[in-house]
Amino acid sequence: MTNATTKGSILAWGWALSVFLLITYLLCVAFGLIAPDTFHMHEAWAPLLPGFDWLTWPGFFAGAIGSFLYGWYIAILGVPLVRYFRKRIG
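Take the sequence shown: its letters are residues 275 to 364, numbered as in the working numbering.
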């Protein structure tokens with residue numbers, strides 16, 4: 275795999291994971307707004323997303339941005355790790 279394809283893989287995985295996590299976050303927030311309190315998902319998001327606070331605009335945007343950035347974090351670390359281990363294992 276050349277550096278150009280590694281960069282392309284990171285870009286593709288970065289966008290795919292970021293959009294996936296953002297959509298998942300938005301679905302969980304929507305579910306939290308319509309579901310009874312016992313089924314809310316915001317308790318799961320709060321420790322993972324710095325600045326996230328349930329039912330505030332700043333908290334909502336902090337969660338959305340954090341979810342999106344986690345996708346890039348995974349892609350930037352994950353693609354080179356997969357490439358490394360793929361070389362080592364075969």
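All C-beta atoms in this analysis are idealised placements derived from N, C-alpha and C, irrespective of residue type, glycine included.
Values in this document were obtained by computation on a predicted structure and should not be read as measured data.
{"Check": "What does the alpha-carbon distance come out to for the pair Trp-331 and Thr-298?", "Outcome": "18 Å"}
{"Check": "Going by the beta-carbon positions, is the gap between Leu-301 and Gly-345 smaller than 7 Å?", "Outcome": "no"}
{"Check": "Indicate whether Gly-306 and His-314 have their beta-carbon atoms separated by less than 7 Å.", "Outcome": "yes"}
{"Check": "Ala-318: buried (16+ other C-beta within 10 angstroms of its C-beta) or exposed?", "Outcome": "exposed"}
{"Check": "Looking at the secondary structure, which residues open and close the alpha helix (DSSP H) in which Trp-328 lies?", "Outcome": "Taken as a continuous stretch (DSSP letters only), Trp-328 belongs to no alpha helix (DSSP H), as it is neither H nor E."}
{"Check": "Using DSSP with H/G/I as helix, E/B as strand and the rest coil, what is Gly-352?", "Outcome": "helix"}
{"Check": "Quick check on the DSSP output: the alpha helix (DSSP H) that includes Ala-318 runs from which residue to which?", "Outcome": "316 to 319"}
{"Check": "What would DSSP say about Leu-343, mapped onto helix, strand or coil?", "Outcome": "helix"}
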